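Working notes, beginning with the structure itself.
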Amino acid sequence: MNGKIYCSLCGMENYPLLKYCDNCGKLLKTNRITPEPVYDTFNDVLIHNKYRILKTNITEDTYNKIIENIERIILMNLNFHSNETCLFRVYKLVQQFSRFYYDNQKNTYVYFSGDNIFYNDKISETEKICKLLHELASHLYSEIFEQILMYIFNSKKNTYIEAFVTLLSAKNSCYILSKEYLACVSENYFTRNLMNNYLFVVNIIQERNMDTVVAKKMCMLGNTVADDVITILDRFIPEQFREEIQEQAFNDNIEHVSMSMCDVKKISNSEKIDLIKAMIEFSYSALSENSKDIMDINRFIEDFKMINRN
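Reading the sequence shown from the start, the letters are residues 85 to 394 in the numbering used here.
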């Protein structure tokens with residue numbers, strides 16, 4: 085279980101439990117090959133996989149491999165050139181996970197919906213960089229959850245996994261808060277606190293009437309996982325590009341905005357993994373008792389299937 089498995093087609097190192105290469109999808113040659121199950125609805129997924137959610141242990145080594153593999157996937161599919169601007173480099177990073185669509189409606193900036201990113205081309209270049217970095221960090225948080233589920237289910241990425249994480253993004257307050265805090269921290273790191281603030285974090289806590297202790301713990305989780313997202317992106321957005329962001333902000337007459345949150349510390353790696361696992365377990369168990377969520381997730385599944393067909 086702890087040995088390294090390399091794909092015979094592309095050579096990528098994969099998690100020990102996977103049957104398919106995470107990069108190219110080729111069947112991995114292991115001693116334990118069984119047919120991939122076919123499910124009609126997410127009800128079938130719940131029945132067949134609930135025990136895996138509860139029983140599979142996520143070690144620090146497994147989690148670190150997930151972070152390394154996400155970085156490796158990006159690296160394998162990117163070609164950067166020395167004369168590229170920071171904005172163009174960020175475009176390329178975002179395109180590893182999504183397709184761009186223009187949405188130039190008033191007060192719309194940049195936002196993800198599923199695997200699509202909707203983008204306002206009329207805002208300044210500085211705003212584009214900041215908003216894209218924010219949404220990219222947020223999307224990488226979802227990617228971490230998806231890769232953990234791939235490990236738990238012993239599966240390549242599929243519409244069921246994508247739909248479940250989409251449901252987390254829409255319904256789970258802890259996930260929503262920790263992801264937003266992570267995105268703020270990550271954006272601030274690369275833009276040197278240029279124009280980001282924590283207003284949306286405060287709004288989430290207030291609008292969802294979250295318990296103070298729980299909210300603080302979720303901010304701490306987001307603050308800690310932000311280190312992993314920054315680790316992934318740091319090699320693609322080095323210091324010279326952070327300098328470029330500052331110069332572009334000066335040219336765009338962007339003033340620094342500062343609204344910080346005090347006393348948000350970091351947690352240990354083991355507590356980080358335990359909280360992520362607990363979030364998945366709680367949401368997965370709650371699905372079996374909520375028919376509306378089942379209807380929503382089956383709708384998400386159909387949406388992802390349509391996207392894949394296109």
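For glycine and all other residues, C-beta sits at the position ideal for the given N, C-alpha and C. The structure displayed is predicted, hence computed values, not measured ones.
Residue i versus residue j: straight-line alpha-carbon distance, rounded
i	j	result
residue 116	residue 238	Residue confidence is low: residue 116 scores 41 on pLDDT, short of 50, so the model does not pin down where it sits. Its coordinate-derived value is still stated next. So the two alpha carbons sit approximately 11 Å from each other.
residue 355	residue 206	42 Å
residue 319	residue 328	16 Å
residue 118	residue 234	Because residue 118 sits at a pLDDT of 44, beneath the cut-off of 50, its placement in the model cannot be relied upon, and the following sentence gives the value as read from the coordinates. Each residue's Cα considered, the two are about 16 Å apart.
residue 153	residue 232	12 Å
residue 333	residue 282	20 Å
residue 300	residue 131	34 Å
residue 129	residue 201	28 Å
residue 311	residue 270	8 Å
residue 317	residue 230	18 Å
residue 309	residue 337	32 Å
residue 209	residue 276	16 Å
residue 351	residue 304	6 Å
residue 161	residue 107	10 Å
residue 292	residue 244	27 Å
residue 217	residue 335	19 Å
residue 295	residue 164	45 Å
residue 326	residue 211	14 Å
residue 97	residue 349	33 Å
residue 145	residue 353	10 Å
residue 251	residue 323	36 Å
residue 330	residue 268	17 Å
residue 284	residue 386	30 Å
residue 302	residue 362	12 Å
residue 321	residue 155	13 Å
residue 240	residue 347	39 Å
residue 179	residue 215	14 Å
residue 249	residue 339	35 Å
residue 360	residue 168	36 Å
residue 176	residue 141	34 Å
residue 181	residue 105	17 Å
residue 147	residue 278	31 Å
Beta-carbon proximity of residue i to residue j, cut-off 8 Å
i	j	result
residue 365	residue 137	yes
residue 388	residue 246	yes
residue 170	residue 213	yes
residue 286	residue 258	no
residue 265	residue 307	yes
residue 378	residue 127	yes
residue 315	residue 158	no
residue 357	residue 371	no
residue 261	residue 228	no
residue 263	residue 203	no
residue 221	residue 313	yes
DSSP-derived helix/strand/coil call for residue i
i	result
residue 276	coil
residue 164	coil
residue 353	helix
residue 203	strand
residue 374	coil
residue 118	Reliability fails at residue 118, whose pLDDT of 44 lies under 50, so the model's placement of it is uncertain and the value that follows must be treated cautiously. It is coil, neither helix nor strand.
residue 169	coil
residue 215	helix
residue 107	coil
residue 140	coil
residue 338	coil
residue 347	coil
residue 133	helix
residue 241	coil
residue 80	This structure cannot settle anything about residue 80, because the visible part of the chain is limited to 85 through 394.
residue 208	coil
residue 153	helix
residue 321	coil
residue 234	helix
Where residue i falls, given that 16 or more other Cβ within 10 Å makes a residue buried
i	result
residue 384	buried
residue 114	With a pLDDT of only 49 at residue 114, under the threshold of 50, the placement of this residue in the model should not be trusted; the figure read from the coordinates follows. With fewer than 16 Cβ atoms within 10 Å of its Cβ, residue 114 is classed as exposed.
residue 223	buried
residue 166	exposed
residue 376	exposed
residue 368	buried
residue 172	exposed
residue 242	buried
residue 143	exposed
residue 149	buried
residue 390	exposed
residue 139	exposed
residue 135	exposed
Residues that residue i bridges to, as DSSP identifies them
i	result
residue 183	200
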